[in-house]
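The numbering of the sequence shown is this note's numbering, which starts it at 226 and goes up by one.
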Amino acid sequence: MLVKAQRVSKMKDNVTWCVPSDGYDKDNAVEIELDNYKEIDTVQGELQQSDEKWPKGAPIMDFFKVGHIIYQKQS
């Protein structure tokens, strides 16, 4: 199933999910084939802005948020 997903990053603590830092394409949704991804985490509410400054705080490749669920691409 093709769905719109949000790119994600992690805070400095490397635990908390967040929106990528300014300077990265964070506002445009991407389409992913959800059947190729597995659920790895659930977040409450909206993601916070990254506490990193560009060039740090980049989107993490193959990790996306759909609704309140974080998905990772299966290899």
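Where a beta carbon is used, it is the ideal one built from N, C-alpha and C, also for glycine.
Computed from a prediction, not measured in an experiment: that's the story for all the values here.
Per the DSSP calculation, residue i is bridged to which residue(s)?
i      : result
GLN273 : CYS243
ALA230 : VAL255
LYS298 : TYR262
LYS290 : GLN231, ILE295
Could you tell me how far apart the beta carbons of residue i and residue j are, in whole angstroms, since I believe they sit closer than 8 Å?
i      : j      : result
LYS251 : VAL240 : The Cβ separation is near 19 Å, so there is no contact.
ASP260 : MET226 : 6 Å
For residue i, which residues from the same chain have a beta carbon less than 6 Å from its beta carbon, with the 5 sequence-adjacent residues on both sides left out?
i      : result
MET236 : CYS243, ASP276
According to DSSP, is residue i part of a helix, a strand, or is it coil?
i      : result
ASP266 : strand
LYS281 : coil
Closer than 7 Å to a non-hydrogen atom of the ligand HEM - does that hold for the CB of residue i?
i      : result
ASP287 : In the structure shown, the ligand HEM is absent, as is every other ligand, since no ligand is present at all.
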